[in-house]
Amino acid sequence: MTTAALATVLALGSAQGLEAEGDPASSETYPVIAQLVLRDRRLRISATPDGHRYTLAEHSGEILSANLTAAQLAERHPDLAELLQPAIADENVLPGLMMLAPVQH
C-alpha cells in the first residue's frame, strides 16, 4: 500500500514537472508522429493543434525537456534543431509529392 502511494505521488510530481517546463498542454495527449533515437537521447515529436511539440529524454527515461516548440528546441538544443531541419519538408521548395523511382538496369 505504501509503495503504491509513493509511486502515485512520484508520478504526479513528475507530470507536474513536465507541464511546468513546456506548454500547459501535455504532449502525452497528442499523437506521437515521429521519434528520433540518438546514442544517448530520444526526441519524441508530437502533433498538436498549435504545431509540433518536442520532448527530449535520456534512454533511462529521464525527461530533459518537455513540450518544446520548434523555437524553444532551437534555443535550448541547437544541435538537435540543426539535425532535424533537413528532414522537414518545405512546400515552397518542393511543391507536391516527389518520389524517387528505382532505376532498372
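Each residue of the sequence shown is one higher than the last, beginning at 0 in numbering that gives the first Met the number 0.
Even for Gly, the Cβ is constructed at its ideal location relative to N, Cα and C.
Keep in mind the model is a prediction, meaning the values are calculated, not measured.
Each residue's CA atom was taken as its position, placing Leu79 and Pro48 some 23 Å apart.
The secondary-structure analysis by DSSP pairs Gln34 across a beta bridge with Arg43. One thing to note: His58 has its Cβ within 9 Å of the Cβ of Arg40. In this structure, Leu72 places its C-beta atom within 9 Å of the C-beta atom of Leu83. In the structure shown, the three-state DSSP call for Glu81 is helix.
In the three-state DSSP reduction, Glu74 falls in the helix class (H, G or I). When the alpha-carbon of Thr28 is set against those of Gly60, Pro77 and Ser45, the nearest one is in Ser45. Beta-bridge partners assigned by DSSP to Tyr29: none are found. One alpha carbon belongs to Leu67, the other to Tyr53, and they sit about 5 Å apart.
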